[in-house]
């Protein structure tokens with residue numbers, strides 16, 4: 040049975056696309072046939088993060104309008120078996136994304152895929168609404184930062200009341216993914232703690248992605264950061280994927296590395 | 422500066438890769454070429470022409486595109502039936 044997973048946040052710039060790219064790649068690495076769909080009509084970016092921007096021919100809107108077949112618009116990843124990208128259109132037409140069109144696309148993908156990951160745009164407009172409406176499960180991405188937590192809370196409210204599952208009276212599992220977590224700043228008391236965010240949002244935590252230079256590097260070269268297995272962020276995403284498929288590994292809160300005197304002196308002088 | 426850098430054999434920095442990727446992409450988008458909007462129409466017309474001679478199954482058409490700095494390759498693959506009969 041195919042599972043539709045939305046990656047959403049409300050606020051922009053918290054790491055939705057990075058997360059959608061990493062999680063879908065991780066799910067495919069574990070053998071699930073996975074497609075990741077960009078719902079940000081007009082501001083396509085998932086293709087860049089996945090590194091397939093030069094191979095986009097047709098997009099989600101072409102498929103919805105019947106101008107292209109679904110399998111013509113799906114871009115097969117060149118690195119990972121079982122992974123496909125469905126890019127969005129650059130059109131400025133706000134109504135290009137129709138509800139029944141999205142439903143048709145998702146229903147036909149369900150026949151062929153194990154996981155359908157929907158990369159939501161920021162905001163709570165049409166694109167964000169349609170990205171989450173057909174979801175079976177949601178990943179709510181938030182930074183340990185006030186505006187991001189507030190918007191995440193708003194999004195959780197929408198998922199709980201406006202998704203199809205909610206309308207049918209079914210439960211919609213939601214997971215919190217905390218990104219850009221800087222343990223040094225948390226320890227200095229400059230950043231919200233994991234427990235603070237979790238207490239406020241009150242949904243289960245699926246992972247903590249530390250602030251990590253590898254994320255920018257991965258986006259520079261168009262490779263999902265989860266493929267950088269040596270990086271902290273890559274490993275954290277791999278663990279989150281494990282939890283998403285039902286592994287029961289506890290989330291470990293990253294701690295700042297204890298620095299020796301020598302190291303501290305060097306940093307000071309730097 | 423690392424030893425590798427010193428000898429001028431440094432691996433390409435990721436920021437450089439980012440710059441190149443953006444240059445290629447934005448050159449296309451600004452030129453309005455990203456308006457791949459014409460592609461569905463193009464495909465239909467190519468198919469119509471081919472159908473005058475050979476029967477073609479809609480499912481057997483593959484269109485791929487690869488953009489490079491100075492040229493793009495649009496590849497249309499149409500699998501013809503074995504018998505390839507004339508109409």
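Residue numbers (the numbering used here), protein chains in the order written: chain G, 40 to 309; chain E, 422 to 508.
Glycine is no exception: its CB is placed at the ideal position from the N, C-alpha and C atoms.
Exercise for review: Give the secondary structure of residue 218(G) by DSSP, where H, G and I count as helix, E and B as strand, and everything else as coil.
Suggested key: Reduced to three states, the DSSP call for residue 218(G) is strand.
Review point. Residue ranges of each alpha helix (DSSP H) run of no fewer than 4 residues wholly in the region 185 to 253 of chain G, ordered along the chain?
Key: Here the runs fully enclosed are 185 to 201, 203 to 206, 222 to 226, 233 to 240.
**Study point:** Between the CA atoms of residue 83(G) and residue 111(G) - distance to the nearest angstrom
**Key:** Note on geometry: alpha-carbon atoms of residue 111(G) and residue 83(G) lie some 18 Å from one another.
**Study point:** Any C-beta of chain E under 8 Å from that of residue 94(G)
**Key:** Answer yes: the Cβ-Cβ gap between residue 94(G) and chain E drops below 8 Å somewhere.
Review point. Just the Cα atoms here: how many angstroms apart are residue 437(E) and residue 259(G)?
Key: Spanning the two alpha carbons is a distance of roughly 8 Å.
Check your understanding: Considering residue 101(G), what are the terminal residues of the alpha helix (DSSP H) in which it resides?
Key -> Its alpha helix (DSSP H) spans residues 99 to 103.
**Study point:** Contact set for residue 141(G): own chain, Cβ-Cβ below 6 Å, skip 5 residues either direction
**Key:** Counting only Cβ-Cβ distances below 6 Å, and skipping sequence neighbours, we find 169.
**Study point:** Rounded C-alpha distance that separates residue 289(G) from residue 479(E)
**Key:** Whole-angstrom Cα-Cα distance: 50 Å.
Check your understanding: Whole-angstrom Cβ separation of residue 181(G) and residue 53(G), contact assumed at under 8 Å?
Key -> Indeed they touch by this definition, with Cβ atoms about 6 Å apart.
Review point. Could one say the Cβ of residue 107(G) lies closer than 8 Å to chain E's Cβ atoms, at least one of them?
Key: Interface criterion met: the Cβ of residue 107(G) is under 8 Å from a Cβ in chain E.
Exercise for review: Give the DSSP bridge partners of residue 482(E), in chain order.
Suggested key: DSSP lists 499(E) as partners of residue 482(E).
Exercise for review: Using a Cβ-Cβ cut-off of less than 9 Å, give me the residues of the region 208 to 231 of chain G that come near chain E, in sequence order.
Suggested key: Correct list: empty, as no residue qualifies.
Point to revise | residue 97(G) at chain E interface by Cβ criterion, 8 Å | key: Residue 97(G) counts as touching chain E.
Exercise for review: Just confirm the distance between the C-beta atoms of residue 247(G) and residue 217(G), as a whole number of angstroms; I'd bet it's less than 8 Å.
Suggested key: For residue 247(G) against residue 217(G), the beta-carbon gap comes to about 5 Å, under 8 Å, which counts as contact.
Check your understanding: If you measure from the CB of residue 109(G), is any heavy atom of the ligand SAH nearer than 7 Å?
Key -> For the ligand SAH, the structure offers nothing, since it holds no ligand at all.
Practice item. Determine the contact status of residue 131(G) and residue 208(G), defining contact as a CB-CB distance below 8 Å. Key: In this structure, residue 131(G) keeps its C-beta atom at 8 Å or more from the C-beta atom of residue 208(G).
**Study point:** chain G contact for residue 505(E) (CB, 8 Å cutoff)
**Key:** Only weak support is given to the placement of residue 505(E): the predicted model assigns it a pLDDT of 48, under 50, and the value that follows is read from those uncertain coordinates. By the rule that beta-carbons nearer than 8 Å mark a contact, residue 505(E) does not touch chain G.
Review point. Apart from the five residues just before and just after residue 245(G), which ones in its own chain have a Cβ nearer than 7 Å to its Cβ?
Key: Cβ neighbours of residue 245(G) beyond the five flanking positions: 178, 214, 215, 216, 279, 282, 283.
Check your understanding: When the Cα atoms are used, what is the spatial distance from residue 109(G) to residue 58(G)?
Key -> Cα to Cα, residue 109(G) sits roughly 24 Å from residue 58(G).
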